[in-house]
Every structure is written in structure tokens, then in C-alpha cells.
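Protein chains in written order, with the numbering used here: chain C, 37 to 175; chain D, 37 to 175.
All residues carry an ideal CB built from backbone N, CA and C; glycine is no exception.
Quick notes on the structure that follows.
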DNA sequence: CTTGAAGCTCTAGTCGCTATAGGGATTAGA
DNA sequence: TCTAATCCCTATAGCGACTAGAGCTTCAAG
């Protein structure tokens, strides 16, 4: 029923200092304390923390998580907002994939341009890093 | 021949405070100064800065760039190291793409699970963010 | 009752910049 | 030559999301 911060950490996979950090940032409520000032948590805290953890794993920034938590406190509100946050994040991830694929293409070209059997002055890799005009794309 | 930091910034696309930051970090050499203590650069500084900029654009972390610069100061050394840095970066970018694609798949599923025409208590998006076990993959 | 693990607070560091404050230098035009 | 606009200077702090460390207290097992 009441467990320590270390126990909560084990159960959620969120590190102890991170849990305290989330509390400081207002993502989780300050729990009750023992007489000796140690935090004691309940199941609801664990659910909240799992929610945060999963959202973070999915790449959501903390303000978005804050919004989702806010939203979840108002059960009767419509959930467009949650929808929007998810699609925004999807969009942002897709953009990052597009960007990284461009970098992948350039780097693949660069990394194969020289076998490491030259000296520095002849090195195509070094040349390529110095000269964007060799690139096929405006990364 | 000798140009100001603003001019250098325009020519390379690196912002003025960033140039000063690179100098502080030792990525570019401290240039000569005017009597009034303003920096004046030459072509070689511009080449160096373009090298840094392009490497950053390709996602290289600063320590890797530092290594490449070190290397380029020794023209007769073999260039395995440059090769290795490029392939490491390629590997890291490919890993990030793999990771982001997993997130993309989960988020695509989550974002289409609810059209925003529910209330918060019924919202599949909120449920999905809270519950990793619904996921198809261990992102 | 002792001991060792786990907890506490507070501060500072990570990375690669970016912003701001409060001043001095340079330059183009009148 | 003067002035106004623009540029440049240093130094410090902030961003996001933690993480590490110091120095202390509390808890639980034996």
C-alpha cells in the first residue's frame, strides 16, 4: 500500500533522482512522508509515473505530458487535445526520420569514400566533412 | 582579407555567439584583434568554421569534430581515424532511425485510436499513453 | 543495538548553444 | 567633424531532462 521511492523506482523503471525531479517539476504530487521525512507512495502515484515514463519513452516533451496530466484530471472534457498532442508528436517524429535519412545517405557516401588507407591530406572523408557542396542534399 | 565576426557569421551561417563559443571551446583559433579589441578573421578561419558547421549539420558531436581537427593538423598521418568517426556516426544515425520508426509505429496506432470525439475518461489516446502493454514493441 | 543500505536536501554538471545586460568600437552619412 | 546606427565586447544565466556528488539522516534486518 505505502512504498518507498526505491520501490517505486523498481516498479516503474524510473530512477530515484528522476522521480524526485518530477515531483519538483510538478508532474507527480508530493507524497506523504514518514516521521523521518521519507516519501511513501501509493498505487495512484505508480500509475501516474508509468504514464509519464511511457509518454517520455514515446518522445513526448515534458510540457506535453503536463498538458495530458492536466487533461486527465477533467474526465468530462472532450479529448481533442490528447489527440492533437499525439498527432503533433507523430508529425515531429516523422520529420526527424526524414532528416536523419538524409544524413544517413550523406554519411554512407562519405564513409565509403575512403578506406582509411590514405594519409590525411588525401582523405576523402575529411574533404567531405569540410565541403558541403559535395553533398547531394541540403541536410 | 580581414573580416569581422559578423561577416564571418554571414559567410558561414554560424551565429555570432556560436563562433565565440567555438573559440572558447578551442575548436577555432583565437583570431587577431583590432586596437579596439574586435576579432578579425581570415580565409583559413572561414574554412575551419565551415568544416565545423558541416560536421555539426551531419550530426557529429563536438568531441568527434575536435578529433577530426586534431587529425587534420597532421597531414602525413593515416586517416583510419576519420574513417572510423564517419562510420560511427553512420551507425549511430541508423540506430536512431530504427528507434524513431518504432515510435512512429506506436504513435500512428495511438493517434488513430480516438478521433477526439470522446470525453477524457473514454479517450483511447490517454489510455495508450498510460499503458505500455498495449504496445506492439518494446520501444 | 548495530550496521549497512537506502533515503534526504542542495548544488553543480551534462550538451550545444542562445539570450540578455551593460557597456565600447566602428562606420556611413550629414 | 560630429553623430547616429550598427556592430562588437565580456560575462552570466538559461534551455531540457535529467545525472552525479557531497554530506547528512533514517530505516530495517539480524
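Check, Outcome
"Given a cut-off of 9 angstroms, decide if residue 166 of chain C and residue 39 of chain D are closer than it, judged by their beta-carbon atoms.", "no"
"Shortest alpha-carbon distance to residue 130 of chain D belongs to which of C:138, C:71, C:168, C:63?", "C:138"
"Could you check if residue 81 of chain D is buried or exposed, using at least 16 other CB atoms within 10 Å of its CB as the buried criterion?", "buried"
"Under a CB-based cut-off of 9 angstroms, is residue 157 of chain C close to chain D?", "yes"
"Shorter than 9 angstroms from the beta carbon of residue 64 of chain D to some beta carbon of chain C?", "no"
"I want to verify the contact list: residues of chain C whose CB lies under 9 angstroms from the CB of residue 40 of chain D, in sequence order.", "What residue 40 of chain D touches in chain C: nothing, since even the nearest Cβ is about 23 angstroms away."
"Would you call the CB atoms of residue 156 of chain C and residue 113 of chain D closer than 9 angstroms?", "yes"
"Spell out a yes or no on whether the stretch 41-55 of chain D and the stretch 132-152 of chain C are touching, meaning 3 or more CB-CB pairs, one atom from each, closer than 8 angstroms.", "no"
"Among C:55, C:105, C:69, C:43, which has the Cα closest to the Cα of residue 159 of chain D?", "C:105"
"Using a cut-off of 7 angstroms between C-beta atoms, extract the partners of residue 139 of chain D located in chain C.", "94, 95, 129"
"Is any heavy atom of the ligand NAP found at a distance shorter than 8 angstroms from the C-beta of residue 132 of chain D?", "As far as ligands go, the structure on display features none, and thus does not contain the ligand NAP."
"Drop a sphere of 10 angstroms on the beta-carbon of residue 84 of chain C, count the other beta-carbons inside from all chains shown, and report buried for 16 or more, exposed for fewer.", "buried"
"Which partner residues does residue 151 of chain C have in the DSSP bridge list?", "Beta-bridge pairing links residue 151 of chain C to no other residue."
"Can you tell me which of C:142, C:42, C:110 puts its alpha carbon nearest to the alpha carbon of residue 93 of chain D?", "C:142"
"How long is the line joining the alpha carbons of residue 55 of chain D and residue 90 of chain D, rounded to whole angstroms?", "14 angstroms"
"From the beta carbon of residue 55 of chain D, is the nearest beta carbon of chain C less than 9 angstroms away?", "no"
"Please identify the residue among C:99, C:63, C:41, C:103 whose C-alpha is closest to the C-alpha of residue 77 of chain C.", "C:41"
"How big is the Cα-Cα spacing for residue 164 of chain D and residue 98 of chain C?", "17 angstroms"
"How about residue 145 of chain C and residue 136 of chain D: are their beta carbons less than 9 angstroms apart?", "no"
"Name the two residues that bound the continuous alpha helix (DSSP H) containing residue 40 of chain D.", "Note, residue 40 of chain D: premise wrong, no alpha helix (DSSP H); not H, not E."
"Hey, is residue 142 of chain D's beta-carbon within less than 9 angstroms of any beta-carbon in chain C?", "yes"
"Helix, strand or coil for residue 53 of chain D? Go by DSSP, reduced to three states.", "helix"
"Name the residue from C:122, C:147, C:115, C:63 whose alpha carbon lies nearest to the alpha carbon of residue 124 of chain D.", "C:147"
"Let me see if you follow: with CB-CB separation under 9 angstroms, is residue 45 of chain D close to chain C or not?", "no"
"Quickly, what does DSSP pair residue 76 of chain C with across the bridge? List them, please.", "C:68"
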